[in-house]
Structure formats: structure tokens, C-alpha cells
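Residue numbers (this note's numbering), protein chains in the order written: chain A, 1 to 456; chain B, 1 to 456.
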């Protein structure tokens with residue numbers, strides 16, 4: 001098809017939408033390492049996970065073989081609210097950069113949660129409802145996952161208890177109000193509502209909380225309340241499975257117009273967005289059908305791929321969750337307070353970690369002022385105000401497009417624009433005022449944190 | 001076409017998009033009354049408006065006869081960034097209400113400015129650039145218009161000076177930062193940068209400002225700086241012309257599937273959204289080709305249609321702008337401080353005022369707690385967090401759908417969902433906390449304000 005037939009935004013028709021999630025593990029020769037019981041160091045069995053997670057989700061978590069999971073009708077119906085998301089040709093950005101590269105971005109921010117997190121939230125809420133549960137618990141940092149889960153629970157009339165890192169609870173009251181609009185209860189963590197919260201408050205009076213602590217509180221509540229389970233918005237295999245809808249739509253849209261990408265770029269914190277976006281492309285690569293450069297972009301202040309180690313580690317700072325093998329900075333690592341956006345998890349999805357270790361993906365880290373420069377440049381020409389997380393991918397997409405400008409290559413670049421930045425204006429303000437700084441952890445700091453990995 | 005072929009969201013193809021704006025004045029038998037010179041009470045001539053407004057926009061403002069204005073190529077290109085906006089069937093809301101009515105909404109919030117205001121902002125910026133101007137000035141209250149204009153000016157590399165009502169400047173710092181992201185300068189009004197600002201500050205120390213004062217400052221700056229003009233986001237004929245793109249897309253989408261609406265509903269402050277949404281439908285009504293109920297929804301705290309008077313009035317509280325004939329509460333009217341959203345202009349578009357006076361439209365006013373109840377009900381089932389302004393239309397759409405439930409009628413209702421509420425979470429918080437109150441001005445209060453209309 002000639003290029004001038006390609007619309008500015010490619011929207012798939014309803015009958016072109018994915019009806020099954022794709023499980024990239026089915027095509028991996030080296031499977032991701034299993035979760036281990038922190039006491040016995042044996043692989044976690046489904047029955048051990050059952051007090052914490054929903055049954056169907058455990059099946060998805062442990063299944064390394066089934067390539068496609070049909071998306072249940074109820075979830076497809078919900079997806080209709082905000083999917084398909086558009087695949088947009090960044091004509092304005094290309095023109096501004098003067099690059100011969102062709103840049104496309106898959107925009108996942110056009111829903112009220114403001115990010116791609118809703119794709120998995122609705123799936124997890126659905127399976128909880130199907131199991132007859134009363135509700136779910138979770139933690140949230142910046143608030144995107146909590147918002148998405150609140151929306152999903154509201155739709156299925158499930159109770160939703162969100163433990164929000166205290167500093168975010170106080171600094172992002174609007175995020176909290178969006179969750180309340182959808183009927184969720186939002187508790188600042190650490191709180192007096194759990195044993196672990198009370199212990200942390202006693203040990204560290206005045207603490208502003210951490211993601212690890214909020215996870216521990218949410219897990220405690222899920223396991224102590226009748227009819228509740230814990231859900232998580234990233235890192236897990238099941239989450240990457242649900243997020244494959246991003247990549248499947250992207251691939252369908254590109255195929256529709258005969259477009260073959262050269263480079264796939266995504267930001268990576270726990271890995272949910274990149275894992276979803278790249279999955280069908282990685283599948284082709286694993287099956288030897290095509291080749292792509294796939295690039296994970298992480299913050300220089302939390303560089304788990306580029307400076308971490310590949311080993312078993314705790315998933316939470318409270319060390320109550322199973323052990324996962326992943327690229328990690330150590331479960332005690334907390335990014336510097338001057339780090340503005342999300343992407344602050346100490347580890348990385350086991351699936352992405354294995355693929356990266358096998359040399360099937362690249363990773364780069366970028367400092368945050370360079371990220372906000374890219375964000376503002378993008379906003380001014382493409383019109384969308386990007387989330388700080390998404391802007392990591394923008395940074396590298398621009399860098400790759402500028403390399404094409406030097407070499408004259410007409411590469412096709414696809415990146416994931418995971419969300420919008422409406423609730424991140426404090427960070428934008430710091431950038432405008434020149435008070436935003438970069439922080440790169442020292443080798444000593446990382447070595448210290450990594451030295452505390454569990455020993456085998 | 002059978003109903004099950006109708007997609008959940010109707011997106012037009014690029015070749016189905018409007019390429020000309022529709023000027024409803026061309027089909028009006030009773031034309032809207034002209035702007036008058038406040039000194040002579042004679043109709044304003046183009047040359048009198050030229051120091052304040054852009055030339056092409058003045059032509060559009062004064063032209064009551066040309067039915068279609070081709071949309072310039074550059075504006076069509078920009079529209080591609082975020083248009084077509086989707087026309088969405090509110091299946092989830094219908095199901096929740098248990099109504100036989102079919103509800104559709106045209107969602108204009110999927111752009112970074114968060115509202116329909118961008119449709120006119122880009123047009124006004126384009127004509128300013130074409131005229132060779134350096135920049136434009138404007139006022140903003142809640143900030144939607146200022147954000148939209150900042151984006152448009154950034155695109156055309158025009159300077160943009162926004163006077164933001166001081167209370168909003170302080171209470172909505174995030175809106176301010178979005179504008180700064182797009183390179184606009186944002187000044188809290190009243191300010192020390194203008195004669196009128198200094199006078200107001202001297203007369204009323206500690207004032208938190210008003211829209212009328214901000215207009216006066218923006219006009220003063222536009223007329224005193226070389227190469228600047230003033231632009232306005234609502235009320236004016238030119239704005240309704242640009243906003244006709246909303247209605248034209250809506251009608252094209254409905255026609256594509258053979259859907260004939262019974263009721264068109266829009267919120268109305270200055271009238272830009274409803275004026276745009278209803279224009280092609282009103283055109284058919286004026287030409288006797290079809291009939292529709294068209295309903296303007298206004299806040300009970302600022303009820304210009306339902307409790308105002310149809311007369312010539314000042315457009316600003318500073319009384320420096322031309323006189324316009326409109327439904328008005330008097331230019332000194334300021335809604336109660338407990339009024340949360342926009343829609344706080346004392347008057348109404350001259351076009352809508354004439355149509356209303358001719359009995360071609362209806363109007364209802366609604367109290368704000370009922371509006372937020374509708375907003376939350378809508379958000380929970382349809383997934384979109386609506387702006388308070390848009391939620392006025394939701395309230396009446398729900399009320400009409402519930403009437404259908406009583407009567408069993410399968411009416412087709414179309415309403416305008418003008419924007420998102422991400423920057424309005426303070427109001428949602430008040431609603432959740434039960435501290436939101438309703439205020440309905442007394443008859444005496446309105447009579448007092450209306451008694452100060454200019455005398456002829």
C-alpha cells in the first residue's frame with residue numbers, strides 16, 4: 001500500500017481487535033525462572049499462592065506453555081470503552097527533528113486512569129469477581145495503578161482497598177480523589193490498619209513510606225480478610241500477558257498498512273508496558289520469523305537492567321513475597337528523592353530479565369532532565385502532555401531518530417506512549433523552574449544494596 | 001443499517017471529516033443582533049474592531065450570510081492530531097439506568113487541553129500568524145481556554161500572554177504549569193502589568209480577581225503592544241463557527257449509520273460548545289428539513305437563559321468591550337464563590353440568545369450537587385472522568401433517559417461531553433466530603449444586577 005494511504009492515526013475496526021492475549025513465554029527457549037518459596041527455596045506451587053492471588057490469575061502466572069489465552073467476553077466489552085488505542089504517526093515530531101526516520105507511537109493514555117495499567121486492572125478485577133470474591137487490595141505509588149484498579153473494581157462492583165505511599169498520598173491529593181470517585185478506599189501507607197504498618201511506624205516514626213511497605217500492608221490485609229485477594233499492576237507474568245493487547249493491536253495496525261518496524265522502544269520500570277508492547281514482535285523474533293531491535297529505557301536513577309545483577313531477590317522490601325529471579329538493584333534500593341516519575345521498582349519482570357540476559361533485548365538508561373526536555377519537545381509538537389514514565393521512551397525514540405538524521409537511514413521506530421502527565425505537573429514545574437536535578441547512584445551505593453540479596 | 005452494526009465508538013475516516021465550518025447565521029431568519037459601539041450605540045464596523053481582533057476573524061464575526069467557510073489546510077492538519085473525536089454510544093450508562101433511550105455522546109476531552117476549546121484556539125492562532133502578528137493575549141478562568149490557546153500558539157510559534165484570574169492561578173497551579181509547558185506566559189490578574197490592573201489593585205487591595213478584570217487586562221495589553229491582538233474562547237460568533245466542527249462530525253457519524261437523534265443536549269456558559277454541537281441540526285431545523293429538541297443546560301448559580309433578560313449589555317465587567325445583545329444577568333453579576341466549575345459568564349452567545357428567544361431551543365438550569373452526582377454515576381460506568389461543565393449536560397441526558405424509562409419511549413439522545421475533570425479534583429473532593437453546597441441567586445439579587453444594564 002502506498003504510504004500516502006496511511007492515516008495520521010491508525011484505529012483498528014472492532015473486528016480487527018485481538019480476542020486473545022499472547023503469552024510470549026510459550027515461544028521462549030529459556031523460560032523465565034520460577035518464583036521461589038522464600039523459606040524452602042522451592043518453586044511456588046499454585047496452592048501456596050492461592051491465599052494471596054486469584055485462582056485463574058495463578059494459572060496464568062505459572063503457565064509457560066499456552067501461547068494464547070482467549071480474552072473473556074466481559075473484558076472485551078470493557079476494552080471497548082477505551083480500546084483500540086490509536087497508533088499515531090509522529091509526523092509533527094519527525095518534521096521538527098528533520099529526520100528521515102518514521103516514528104509511530106501507541107498511545108495508551110486516552111482513558112481516565114491515564115495509562116496502560118487499565119488493561120490488566122480490568123482482567124484482574126474480572127477474575128476476582130468470577131471467583132466470587134468481595135474485594136481486592138493493592139498498593140500504589142504515583143497512583144496510576146490504583147486509579148486503574150479503582151475503575152475496574154467499580155465496573156464489577158468489587159471493593160477496592162488501596163494502600164498509597166504516604167508521600168504520594170499527601171503530594172497527589174487529586175489522584176486520591178479520582179480513586180475515591182470510583183469508590184475505592186485509599187489509605188496512606190504506612191498506616192495503623194495493619195501489623196506491619198504499626199511496626200514500621202513504631203520503628204521509623206515520621207516515615208513517608210515506600211512502595212515495598214505498601215505492598216506488605218496490602219498483602220497482609222488480603223490474607224487476613226475473608227473474601228479478599230491481593231493484585232499487582234506490574235512485574236508479574238500475568239500482567240505482561242494482559243498487556244500483550246498493546247502489542248497485538250500495534251502489530252495488527254502496522255500489518256494492516258504493510259509497515260515493518262525496525263526498532264521497538266518502551267519505558268521499563270517493572271516491565272508491564274514494554275513487555276506488552278514488544279510481545280508479538282519478540283514472538284516473531286523468537287520463532288526466527290523477523291528481527292527487530294527492542295530497547296528498554298530506564299531511569300538513570302533506578303537502572304536495574306543496565307547496572308543491576310541477574311539473581312533471585314525479594315519482590316518487596318518487607319521480604320514477605322516469593323523470591324523472583326530478575327535484574328535487580330536489591331530489594332532495599334530506593335531511588336533518590338529527587339526522582340520525579342514512576343519506574344522506581346528495584347527489580348524487573350522475570351520474563352524481560354530472561355530475554356535481556358539472552359541478548360534478545362537492549363537497555364539504556366537516561367537522566368531525568370533529558371527526559372523532561374524530550375517530554376516538552378514532544379508535547380509542543382504532538383499536542384499530548386506525556387507522563388514522565390512515557391517520556392523515557394520519547395527520549396530514546398528522539399535519539400534514535402536523530403541518529404537516522406546523521407546517517408540518512410529511513411528507519412521505522414515504534415514506541416509506547418504509556419500515559420498522560422496531568423498529575424505530574426509538580427515535576428514539570430521543577431523542570432521549568434530549573435530546580436530539577438539528575439541523580440545517578442554511585443557504584444558503591446549499588447554494590448551495598450546488591451550485597452544484601454538473599455543467599456542460596 | 002441494522003443496529004448491531006453500529007460500533008461502540010464511531011470514528012469517522014479521514015475522508016469523512018468536515019473540510020468547512022458551518023455558519024448557522026446564514027440560515028437564521030432573525031439574525032443575531034450586531035455588536036454596538038459602547039459610545040455611539042452604532043453597529044461596530046470592521047475597522048473599529050481591527051485594533052483588538054485579527055482581520056480574518058473580524059470578517060467571520062460580522063458575516064451573517066456565508067453558510068460555509070473552508071477550513072484552511074494548516075488547521076485541518078492540526079485537527080488531525082486529535083480529531084475526529086469519537087461519538088460514543090453510552091451502552092454502559094443506558095444499562096445502569098435501565099432506560100430504553102439510546103444515548104450518544106461526542107467526547108471532546110481527548111486532547112491535552114482537555115476540552116473542545118482547542119477547536120477555536122488553533123483557528124484563532126492560525127489567523128493571527130497569517131496576519132504576521134507576534135502574539136496574542138487572552139484571559140482564562142478555570143484554565144481550559146488558556147491551555148488550548150497555549151498549545152495552538154506553540155504550534156504556530158506565536159507568543160501567548162495569558163491573564164489568569166488570580167484565585168484560579170493560585171488554586172490551579174497545575175493548569176498554569178501546562179500552559180508554561182507550551183511556552184505561554186501566565187500572569188495572575190489583576191496584575192501590576194496594566195493600567196487597569198493597577199487601578200483595580202488600588203481600589204480593591206487583596207482582590208482575587210474576576211474574569212471581567214482579566215479580559216480588560218488582556219485587551220489593554222493587546223492594544224498597547226505592537227503586533228499583538230486579543231482572542232477570546234467563547235461567546236463570539238467566530239468561536240461558534242469554529243466549534244461547528246463538533247456538530248458536523250457528530251452529524252456525519254450519525255448519518256453514516258442512519259441514526260436520527262430526537263434530543264441534542266449541551267452545557268452552556270458562553271455557548272461555544274452547544275453552539276458548535278447543535279449547529280448543523282439547528283440548520284436543518286431552520287430550513288424545515290428536520291426537527292429536534294435542543295436543550296441548553298446552565299448552572300442554577302448562573303442562569304442567564306432561564307432567569308436573565310434579553311438585552312444589550314457589556315461583555316466585560318470593565319465595560320471596555322462592545323455591547324452585545326444577549327440573555328444576560330448583568331455584566332456585574334458574579335456567581336457565588338461556592339460555584340465550582342466554569343459556565344460562569346454573565347451573558348450568552350448572541351446567536352444562541354436569538355435562537356432561544358425565537359423558541360428554537362430550550363434551556364434548563366441544574367444545581368451543582370445534582371451535577372456532580374451525575375458526573376460520578378457517569379464516570380463509574382462509562383470510565384471517563386467528566387469536567388464539571390460537561391456534567392451539566394450529563395445530568396439532563398440522564399434525566400431525559402429516565403423520563404423515557406417511565407414512558408417506554410426509545411428516544412435517541414445526543415449530548416456533548418466537552419472535557420475531562422483532571423484539574424477539577426478539588427470540586428470532586430468537596431462533593432465526596434459532603435462540603436459542596438448549592439447556591440441559587442435570589443430574585444432580588446438578579447433584579448439588582450440586571451437593573452444596571454446600559455440604558456438606550
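Note that the Cβ used here is the ideal one computed from N, Cα and C, for glycine as well. None of the values given here were measured: they were computed from a predicted structure.
7 Å Cβ cut-off: residues of chain A touching residue i
{"i": "residue 80 (chain B)", "result": "8"}
{"i": "residue 154 (chain B)", "result": "380"}
{"i": "residue 151 (chain B)", "result": "383"}
{"i": "residue 116 (chain B)", "result": "Those do not exist, as residue 116 (chain B) stays about 14 Å from chain A at its closest Cβ, beyond 7 Å."}
is_contact[residue i, chain A] using C-beta, thresh 8 Å
{"i": "residue 451 (chain B)", "result": "no"}
{"i": "residue 273 (chain B)", "result": "no"}
{"i": "residue 181 (chain B)", "result": "yes"}
{"i": "residue 41 (chain B)", "result": "no"}
{"i": "residue 94 (chain B)", "result": "no"}
{"i": "residue 432 (chain B)", "result": "yes"}
{"i": "residue 163 (chain B)", "result": "no"}
{"i": "residue 104 (chain B)", "result": "no"}
{"i": "residue 3 (chain B)", "result": "Residue placement at residue 3 (chain B) cannot be trusted, given a pLDDT of 49 that sits under 50; what the coordinates show is reported in the next sentence. Cβ-Cβ to chain A under 8 Å: no for residue 3 (chain B)."}
{"i": "residue 298 (chain B)", "result": "no"}
Chain-ordered chain A contacts of residue i [CB-CB under 8 Å]
{"i": "residue 198 (chain B)", "result": "Correct list: empty, because the minimum Cβ distance to chain A is about 27 Å."}
Test: residue i CB closer than 8 Å to a CB of chain B
{"i": "residue 407 (chain A)", "result": "no"}
{"i": "residue 14 (chain A)", "result": "yes"}
{"i": "residue 28 (chain A)", "result": "no"}
{"i": "residue 111 (chain A)", "result": "yes"}
{"i": "residue 422 (chain A)", "result": "yes"}
{"i": "residue 439 (chain A)", "result": "no"}
{"i": "residue 11 (chain A)", "result": "yes"}
{"i": "residue 456 (chain A)", "result": "no"}
{"i": "residue 376 (chain A)", "result": "yes"}
Where residue i falls, given that 16 or more other Cβ within 10 Å makes a residue buried
{"i": "residue 111 (chain B)", "result": "buried"}
{"i": "residue 176 (chain B)", "result": "buried"}
{"i": "residue 144 (chain B)", "result": "buried"}
{"i": "residue 266 (chain A)", "result": "buried"}
{"i": "residue 461 (chain A)", "result": "With chain A represented from 1 up to 456, any question about residue 461 (chain A) goes unanswered, as that position is not in the structure."}
{"i": "residue 338 (chain B)", "result": "exposed"}
{"i": "residue 402 (chain A)", "result": "exposed"}
{"i": "residue 19 (chain B)", "result": "exposed"}
{"i": "residue 348 (chain B)", "result": "buried"}
Residues sharing a beta bridge with residue i, DSSP
{"i": "residue 478 (chain A)", "result": "Lying outside 1 to 456, the shown extent of chain A, residue 478 (chain A) is not represented and no answer is given."}
{"i": "residue 36 (chain A)", "result": "A:43 and A:323"}
{"i": "residue 87 (chain B)", "result": "B:10 and B:106"}
{"i": "residue 314 (chain B)", "result": "B:323"}
{"i": "residue 496 (chain B)", "result": "Examination of residue 496 (chain B) is not possible in this model, given that chain B is present from 1 through 456 alone."}
{"i": "residue 164 (chain B)", "result": "B:140 and B:188"}
{"i": "residue 21 (chain B)", "result": "B:69"}
{"i": "residue 293 (chain A)", "result": "A:263"}
{"i": "residue 433 (chain B)", "result": "Beta-bridge pairing links residue 433 (chain B) to no other residue."}
{"i": "residue 299 (chain B)", "result": "B:366"}
{"i": "residue 159 (chain B)", "result": "B:135"}
Amino acids of chain B, ordered along the chain, whose beta-carbon sits closer than 7 Å to that of residue i
{"i": "residue 178 (chain A)", "result": "385 and 425"}
{"i": "residue 74 (chain A)", "result": "What residue 74 (chain A) touches in chain B: nothing, since even the nearest Cβ is about 12 Å away."}
Proximal residues of chain A, C-beta to C-beta of residue i below 9 Å
{"i": "residue 428 (chain B)", "result": "174, 177, 178, 180 and 181"}
For the stretch 270-277 of chain A against the stretch 219-235 of chain A, do three or more pairs of beta-carbon atoms, one drawn from each stretch, fall closer than 8 Å, so that the two count as touching? With the cut-off at 8 Å, the stretch 270-277 of chain A and the stretch 219-235 of chain A touch.
Decide if the stretch 215-226 of chain A is in contact with the stretch 194-205 of chain A; the criterion is three or more beta carbon pairs, one per stretch, under 8 Å apart. In short, these stretches touch, since the Cβ pair count reaches three.
Touch test, the stretch 358-376 of chain B against the stretch 86-95 of chain B, Cβ-Cβ under 8 Å, three pairs minimum: By the Cβ test, the stretch 358-376 of chain B is not in contact with the stretch 86-95 of chain B, since fewer than three Cβ pairs between them sit closer than 8 Å.
Any contact between the stretch 429-441 of chain B and the stretch 408-419 of chain B? By contact I mean 3 or more CB pairs, one from each, below 8 Å. Contact fails: fewer than three Cβ-Cβ distances are below 8 Å.
So does the stretch 91-105 of chain B actually touch the stretch 240-249 of chain B, counting three or more Cβ pairs closer than 8 Å? In the pairwise beta carbon analysis, the stretch 91-105 of chain B is classified as not touching the stretch 240-249 of chain B: fewer than three pairs are separated by under 8 Å.
Indicate whether the contact test is met: 3 or more Cβ pairs, each with one atom in the stretch 374-389 of chain B and one in the stretch 300-309 of chain B, closer than 8 Å. They do not touch, by the three-pair rule.
Please determine if the stretch 59-77 of chain B and the stretch 120-137 of chain B are in contact, where contact requires at least 3 C-beta pairs separated by less than 8 Å. Taking 8 Å as the limit for Cβ pairs, the verdict is that the stretch 120-137 of chain B does touch the stretch 59-77 of chain B.
If we count Cβ pairs, one from each stretch, closer than 8 Å, do we get three or more for the stretch 155-170 of chain A versus the stretch 157-175 of chain B? The stretch 155-170 of chain A is not in contact with the stretch 157-175 of chain B.
For the pair the stretch 317-332 of chain A and the stretch 287-298 of chain A, tell me if three or more CB-CB distances fall below 8 Å. Flag = no, the stretch 317-332 of chain A and the stretch 287-298 of chain A do not touch.
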